[in-house]
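Asker: Residues are numbered in our numbering as their position in the sequence shown, beginning at 1, plus a constant of 503. Quick reminder that beta carbons are idealized off the backbone N, C-alpha and C, glycines included. I have a structure I would like to understand better, so I am pasting it below and will then ask my questions one at a time.
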Amino acid sequence: MSKLFTRALSAMGLLLLIWLAWRVLQWGVLHAVFRPDANACQALLHHGACWGVVPEKIRPILLGHYPYEEQWRPITALCGAALLCLVAWALGLQRMASLKGLLGFAAYLCFMTLLMRGGVAGLSPVSFDAWGGLPLTLWLFASSWLVSVPVSIALALARRARRAWLSWPATVLIEVVRGVPLVTLLFMAAFLLPTLTSQAHPIALVWRAMLALTLFSSVYMAEVVRGGLQTVATEQSEAATILGVSWWQTQRLVVLPQALRAVLPALIGHAIGLLKDSSLVMVIGLHELTGGLSLSLGGDPVWRPYYFEAYMAVGLIYAAMCLSLSRFGRSLEARWVKGSH
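Below, the structure is given as C-alpha cells:
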C-alpha cells in the first residue's frame with residue numbers, strides 16, 4: 504500500500520512538473536514577443552513574456568546613465584575584462600592566481616578606472632556619479648575583492664598573534680563589523696563618512712561604497728583565512744624556525760599556501776556572495792546593474808509593466824558571472840590539489 508501511495512505521489516509530482524514546464528514554455532517562448540514593440544507587448548495582456556524590453560533598455564541597464572557619446576569607454580572596459588579572463592584561462596588559472604597574476608588584474612583595474620573616469624590622455628572627465636550598470640558592478644566587486652584579500656590575511660594573522668596589542672584590535676574590529684549588516688555599513692559610508700572628512704575635498708560616493716564593501720568582505724574573509732591557518736600543523740612553523748627561516752618567510756612560504764589551499768572553496772563562495780552583495784549599493788543611490796534597470800524602467804510608463812522580464816535578464820547576467828566564478832574556483836582547486844601531490 505505504501506509503495507502504491509509513493510508511486511501515486513511521484514506520478515502526480517511528475518504531471519505537475521510537466522504542466523508547469525508547459526505553462527512556462529507558453530509564457531516565455533510560444534506566446535512571447537521578442538522584438539522591442541510596445542504595442543505588441545500590450546496586446547499580450549500579460550499572457551506572454553515581453554522580452555522586447557531587454558533590447559529596448561539594454562543600454563541603460565548595462566551602462567546606467569553614463570554619457571551617451573562616451574559609452575564606448577565602458578564598453579571597451581567590459582571587452583577588455585572579457586579578454587583578460589580569456590587570457591587568464593589560456594595561461595593557466597594557477598599562474599593567474601599568483602602574486603604576478605593578481606598584480607596584473609590590479610593594473611587592469613587601474614586602467615579601467617582611468618578609462619571610465621577620464622581627464623587623462625585627452626579623455627573628457629566623467630563624474631563618478633555617472634558611473635553605472637555592469638561596469639560599476641564589476642568595478643565594485645573587483646576592487647573590493649582585490650583590496651580585501653591582503654587586508655583579510657593581515658587581520659587573520661593579527662588575530663592569531665601572541666601580542667595583545669595586535670590580537671585585541673583585530674578581534675574587536677572583526678567582531679564589531681561582523682555584527683553590523685552590510686546595508687548599515689553602506690549608509691554609514693554614504694551619510695556619516697562625509698561628516699568626518701574634509702568638505703573641501705569630498706570622497707566620491709563610489710569610493711565610499713567600495714570602502715564599505717571592502718571592510719565587510721575583509722572581516723568575513725579574515726575568519727575564513729583564520730580557519731585555514733588553524734589547519735596547518737604548528738610543527739611545520741617550529742621546524743622552519745629551527746632551520747633559521749624568518750617569521751615572515753615561514754608565513755609566506757609554508758603556512759599561507761597550505762591555509763589558502765584548504766579554504767579555497769570557502770573563499771570562492773565568499774567572492775560569489777560579494778558579487779551579489781554589490782547590488783545593495785542601489786540603496787545609497789548608485790545605479791549598478793540592478794540600479795540601472797530601476798533607473799531605465801522607473802521613468803518610462805510604457806515599458807514599466809515588463810519589469811519582471813527585465814529582472815530575469817539581469818538575473819541571468821548575475822547567474823553567468825557567478826557560475827564563471829564557481830567554475831574558476833573548481834578548476835583552480837583541482838590544479839592546486841594536483842600540484843601539491
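#1: For the alpha helix (DSSP H) containing residue 744, name the first residue and the last one.
#2: Comparing C-alpha positions only, which one of 705, 687, 645 and 681 sits nearest to residue 606?
#3: Can you have a look at residue 819 and say buried or exposed, based on whether 16 or more other CB atoms are within 10 angstroms of its CB?
#4: Tell me, please, whether the stretch 789-802 touches the stretch 735-749 by the rule of three or more beta-carbon pairs shorter than 8 angstroms.
#5: Which ranges would you report for the alpha helix (DSSP H) in the stretch 512-591 if only whole runs of at least 4 residues count?
#6: Would you tell me roughly how many angstroms separate the C-alpha atoms of residue 771 and residue 717, rounded to the nearest one?
#7: Going by CA-CA distance only, name the one from 630, 558, 635 and 582 that's closest to residue 792.
#8: Within 8 angstroms, do at least three Cβ pairs link the stretch 756-765 to the stretch 718-732?
#9: Quick one: what's got a C-beta closer than 7 angstroms to residue 664's C-beta in the same chain, skipping five residues either side?
#10: With a cut-off of 8 angstroms, do at least 3 Cβ pairs link the stretch 774-783 to the stretch 827-834?
#11: Would you list the residues sitting across from residue 790 in a DSSP beta bridge?
#12: Just mark residue 642 as buried or exposed, buried being the case when its beta carbon has 16 or more other beta carbons within 10 Å.
#13: Is the CB-CB distance between residue 580 and residue 626 below 7 angstroms?
#14: Compute the Euclidean distance between the alpha carbons of residue 575 and residue 696, then round it to the nearest angstrom.
#15: To the nearest angstrom, how far is the alpha carbon of residue 737 from that of residue 720?
#16: Do three or more CB pairs link the stretch 652-660 to the stretch 809-826 at distances below 8 angstroms?
#17: Between 795, 708 and 836, which lies nearest to residue 769 when the distance is taken from Cα to Cα?
#18: Leaving out five residues before and five after residue 866 in sequence, what residues of the same chain have Cβ atoms less than 7 angstroms from its Cβ?
#19: Going by Cα to Cα distance, which pick from 667, 655, 567 and 700 is closest to residue 680?
#20: Assign residue 666 to one of two classes, buried (16 or more other C-beta atoms within 10 Å of its C-beta) or exposed (fewer than that).
#21: List the endpoints of the continuous alpha helix (DSSP H) containing residue 734.
#22: Cα separation between residue 555 and residue 812?
#23: Would you mind giving the Cβ-Cβ distance between residue 551 and residue 530, rounded to the nearest angstrom? I have them listed as a contact below 8 angstroms.
Answerer: Reading off the structure:
#1: For residue 744, the enclosing alpha helix (DSSP H) covers residues 737-745.
#2: 645
#3: Burial check for residue 819: the Cβ neighbour count within 10 Å stays below 16, so the residue is exposed.
#4: no
#5: 541-547, 556-559 and 561-566
#6: 16 angstroms
#7: 635
#8: yes
#9: Excluding sequence neighbours, residue 664 sits near 670.
#10: Yes, since at least three Cβ pairs between the stretch 774-783 and the stretch 827-834 fall closer than 8 angstroms, the two stretches touch.
#11: 635
#12: buried
#13: 7 angstroms or more divides the Cβ of residue 580 from the Cβ of residue 626.
#14: Approximately 33 angstroms between the Cα atoms of the pair.
#15: 27 angstroms
#16: no
#17: In terms of CA proximity to residue 769, 836 leads the group 795, 708 and 836.
#18: The chain is shown from 504 up to 844; residue 866 falls before or after that span and cannot be answered.
#19: 655
#20: Residue 666 should be labelled exposed.
#21: Here residue 734 belongs to no alpha helix (DSSP H), and DSSP marks it neither H nor E.
#22: Their Cα atoms are separated by approximately 9 angstroms.
#23: 6 angstroms
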